[in-house]
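**Student:**
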Amino acid sequence: MTATIFSPGLIPQAPDDPHYGLRAAHRSDTFDRKVDFIIGLYRDNEGHPWILPVVKKVRSPSQTPFGIMAI
Numbered sequence: 001m002t003a004t005i006f007s008p009g010l011i012p013q014a015p016d017d018p019h020y021g022l023r024a025a026h027r028s029d030t031f032d033r034k035v036d037f038i039i040g041l042y043r044d045n046e047g048h049p050w051i052l053p054v055v056k057k058v059r060s061p062s063q064t065p066f067g068i069m070a071i
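So for the sequence shown, UniProt numbering puts the first residue at 1; every next one is plus one.
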């Protein structure tokens, strides 16, 4: 549990998010070919955002939902 400014009797502390524990474990791992898919932000070797190909396809303006064109 993390520290809080609120009195435990007033507002109970929520449990820590397990994803951030995985993030900390990932950062402390020294394996040089590790891949971070924990939080959802992917970066290439230069640190630039890497967008999954399927996400690029869905975001493409040529894609219309269910084949319906707006009039």
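Glycine included, C-beta positions come from ideal geometry on N, C-alpha and C.
1) Output the boundary residues of the alpha helix (DSSP H) element that contains VAL58.
2) Given a cut-off of 7 Å, decide if ASP36 and HIS48 are closer than it, judged by their beta-carbon atoms.
3) Alpha helix (DSSP H) containing ALA24: first to last residue?
4) For the ligand HEM, I want to know if PRO18 counts as a neighbour, meaning its beta carbon is within less than 6 Å of at least one of the ligand's heavy atoms.
5) Closest to LEU41 by C-alpha separation, out of ASP32, SER28, VAL55, would be which residue?
6) Report the partner residues of PRO49 according to the DSSP bridge assignment.
**Tutor:** To lay it out plainly:
1) If you number the sequence shown from 1, residue 58 lands on position 58. Run containing VAL58: 53 to 59, per the alpha helix (DSSP H) assignment.
2) Numbered from 1 along the sequence shown, position 48 holds the residue referred to as residue 48. Numbered from 1 along the sequence shown, position 36 holds the residue referred to as residue 36. Going by C-beta atoms, HIS48 is not nearer than 7 Å to ASP36.
3) Here residue 24 refers to the residue found at position 24 of the sequence shown. Where ALA24 is concerned, the enclosing alpha helix (DSSP H) stretches over 18 to 28.
4) With respect to the ligand HEM, the structure shown offers nothing to examine, as it has no ligands at all.
5) Within the sequence shown, the letter at position 41 stands for residue 41. Among ASP32, SER28, VAL55, the Cα nearest to that of LEU41 is on VAL55.
6) The residue given as residue 49 occupies position 49 in the sequence shown. In the DSSP output, where bridge partners are listed per residue, PRO49 has ARG43.
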